[in-house]
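Asker: FYI, the numbering for the sequence shown is 89 to 335, going by this note's numbering. Where a beta carbon is used, it is the ideal one built from N, C-alpha and C, also for glycine.
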Amino acid sequence: MKILIISSLIAIIKVLDCFGNGHWSSNKYFHFSPDSSQIESTIRFELKNLPTPYIILRYSLNYLTYSTDTLAVSNGVCEKKYHFAKPISMEVIINGIQRKIYIAPRHQLSVVIDKNNTKNGIIFFDYFGIGKIANDYLGNVNISRNLPTLKDIGKTITEEEYLEKIESHYKKLDSVYSVYENLSNSQPDESIKSFFKTQKRELAYHKLGRLINFIDARNYKGDKAVQFFNKYIQPASLLKEEIDLNS
């Protein structure tokens with residue numbers, strides 16, 4: 089079991105290195121030259137019905153260390169210019185609200201945040217400018233992330249019901265992905281097309297991580313672990329390592 093978990097985590101870490109929360113690997117964006125860092129990108133925030141003195145942006149350029157920028161809000165507006173050499177994902181933090189946004193060299197992105205604009209009880213961000221489609225996708229994926237936890241099993245949900253919800257949840261996310269991926273095909277910006285090329289695999293590995301956590305938490309071993317792996321994990325994974333399910 090330990091070999092299964094370690095092997096799977098190695099694969100997940102490899103993927104996160106390219107597609108994780110911090111950044112996208114620059115070699116996936118061959119059209120960005122070393123001079124891309126000289127190209128300006130702008131993020132502008134407009135707040136409505138949401139008084140706050142500042143917005144925090146948290147990001148990483150190397151997936152190891154993080155930088156934090158604090159943007160002072162004046163008359164409901166704040167703005168920040170960057171010179172990134174490659175596309176990155178930023179975490180926006182405002183009054184306890186956290187969202188991921190995507191920005192690449194040349195992007196001029198405007199974000200309108202209205203406290204009264206909600207979807208499924210969650211404040212929805214409206215995006216305008218280059219990068220809108222990618223950020224609309226991230227916003228919809230964020231709203232769709234509503235799953236029971238492992239602690240709920242045996243209390244409000246059975247193991248079978250939990251796994252059924254995992255399957256239906258990721259089918260829904262795949263549908264959301266398909267809609268936005270099709271929209272991105274009409275975009276001239278190569279960074280947007282590259283962004284969506286990474287998302288399909290990222291969804292697969294998010295699902296894989298949940299299943300690995302499940303099999304570990306339920307302490308499956310032997311034949312039961314083999315059956316579970318063959319049914320739920322192996323079809324969705326890209327693992328090549330030899331796996332011992334009897335340990």
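To the nearest angstrom, how far is the alpha carbon of Ser-282 from that of Tyr-268?
Answerer: Going from the Cα of Ser-282 to the Cα of Tyr-268 covers about 13 Å.
Asker: For Lys-288, collect the residues of the same chain with a Cβ closer than 7 Å to its Cβ; drop the 5 residues on either side in sequence, then sort them by chain order.
Answerer: So the list reads Tyr-265, once near-sequence residues are dropped.
Asker: I want to know whether the stretch 146 to 162 touches the stretch 216 to 224 - three or more CB-CB distances under 8 Å.
Answerer: Taking 8 Å as the limit for Cβ pairs, the verdict is that the stretch 216 to 224 does not touch the stretch 146 to 162.
Asker: Using alpha carbons as the reference points, say which of Leu-138, Tyr-142 and Asn-318 lies closest to Leu-296.
Answerer: Selected option, being the one with the closest Cα: Asn-318.
Asker: Less than 7 Å between C-beta atoms, sequence neighbours within five positions excluded: which residues of the same chain meet that for Asp-277?
Answerer: Excluding positions up to five away in sequence, the list reads Ile-218.
Asker: Which complete beta strand (DSSP E) runs does the stretch 263 to 294 hold, if anything under 3 residues is left out?
Answerer: DSSP runs (the beta strand (DSSP E)) wholly in the stretch 263 to 294: none.
Asker: From Ala-292 to Glu-179, what distance separates their C-alpha atoms?
Answerer: Whole-angstrom Cα-Cα distance: 22 Å.
Asker: Between the Cα of Val-199 and the Cα atoms of Leu-261, Asn-163 and Thr-130, which residue gives the shortest distance?
Answerer: Among Leu-261, Asn-163 and Thr-130, the Cα nearest to that of Val-199 belongs to Thr-130.
Asker: Identify the residues that DSSP records as bridge partners of Ser-256: which are they?
Answerer: Looking at the DSSP assignment, Ser-256 forms no beta bridge with any residue, so it has no partner.
Asker: Below 6 Å CB to CB, which residues in the same chain sit around Lys-136 once its five sequence neighbours on both sides are set aside?
Answerer: The residues are Asp-202.
Asker: Closest to Val-165 by C-alpha separation, out of Thr-140, Ile-176 and Arg-187, would be which residue?
Answerer: Looking at the Cα atoms, Thr-140 is the closest of the given residues.
Asker: Roughly how many angstroms lie between the CA atoms of Ala-192 and Tyr-170, to the nearest whole one?
Answerer: C-alpha separation (whole angstroms): 10 Å.
Asker: With burial defined as no fewer than 16 other Cβ atoms inside 10 Å of the residue's Cβ, what is the status of Leu-152: buried or exposed?
Answerer: Leu-152 should be labelled exposed.
Asker: Which whole-angstrom value describes the C-beta separation of His-257 and Leu-235, a residue pair presumed to lie in contact below a C-beta threshold of 8 Å?
Answerer: Yes, they are in contact, since the Cβ atoms of His-257 and Leu-235 sit about 6 Å apart, within 8 Å.
Asker: Would you mind sorting Ala-313 into buried or exposed? The rule is 16 or more other CB atoms within 10 Å of its CB.
Answerer: So Ala-313 counts as buried.
Asker: Here's a check: name, in chain order, each residue in its chain whose Cβ is nearer than 8 Å to the Cβ of Lys-188, leaving out the five neighbours to either side.
Answerer: Contacts found: Asn-109, Ser-177, Met-178, Glu-179, Val-180, Leu-226 and Asn-230.
Asker: In whole angstroms, give me the CA-to-CA distance for Phe-216 and Ile-300.
Answerer: Their backbone Cα atoms lie some 38 Å apart in a straight line.
Asker: Starting from Leu-349, follow its DSSP beta bridges and name the residues at the other end.
Answerer: It is not possible to answer for residue 349, since the shown part of the chain is limited to 89 through 335.
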